[in-house]
Amino acid sequence: MFGVSTVELLAGSGGWDLRNFLKNSFSTLGDWISLAVMILGIIAVGYAVWQIVSGLMSQGKKQTNWAVAITLLLVGGVLSMTTGFQFVQDIARGGRKTIEDLGGQTITLFYFAKTFLP
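For the record, in the sequence shown the residue sitting at position 17 is 17 according to full-length UniProt numbering, with numbers rising by one throughout.
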């Protein structure tokens with residue numbers, strides 16, 4: 001009734017290993033985190049606009065921290081873009097590179113051993 005090709009077609013042939021599961025889950029989690037970062041960016045922009053407008057409309061009666069409001073506006077704008085999560089990942093890569101550069105000779109010796117030794 002069922003041939004081998006029919007079973008492979010129904011099962012998806014090769015899509016049930018751990019590597020594919022981890023790749024797909026990493027991709028899905030990356031999408032979810034990207035959406036969460038975008039939502040946080042939109043919230044930051046909204047709060048910054050509220051701070052700026054209320055500070056301007058209070059005519060000096062309300063104390064407004066302008067540096068925080070403008071920083072929230074800029075950072076929230078960057079995070080609310082579709083590449084906001086990529087921006088966060090680039091910052092993390094820069095931190096990793098700095099730590100590796102500060103490691104100095106250890107990283108150089110490891111690279112030398114990996115490259116030139118059998």
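For every residue, glycine included, the Cβ atom is placed at its ideal position computed from N, Cα and C.
{"Asked": "Using the rule of at least 16 other Cβ atoms within 10 Å of the residue's Cβ for burial, across every protein chain shown, is Q51 buried or exposed?", "Found": "buried"}
{"Asked": "Quick check on L35: buried or exposed, where buried means 16 or more other Cβ atoms within 10 Å of its Cβ?", "Found": "exposed"}
{"Asked": "When you compare each of S27, I43, T98 and R96 to V75 by their alpha carbons, which one comes out closest?", "Found": "I43"}
{"Asked": "Using only CA atoms, which one of S54, V68, R19 and G84 lies nearest to M38?", "Found": "G84"}
{"Asked": "Using a Cβ-Cβ cutoff of less than 7 Å, which residues in the same chain neighbour Y47 once the five nearest sequence positions on both sides are dropped?", "Found": "L72"}
{"Asked": "Suppose the cutoff is 8 Å on Cβ atoms and the five residues either side in sequence are ignored; what does the same chain contact list for L79 look like?", "Found": "V37, M38, L40, G41, A44, F87 and V88"}
{"Asked": "Could you have a look at M81 and say whether DSSP puts it in helix, strand or coil?", "Found": "coil"}
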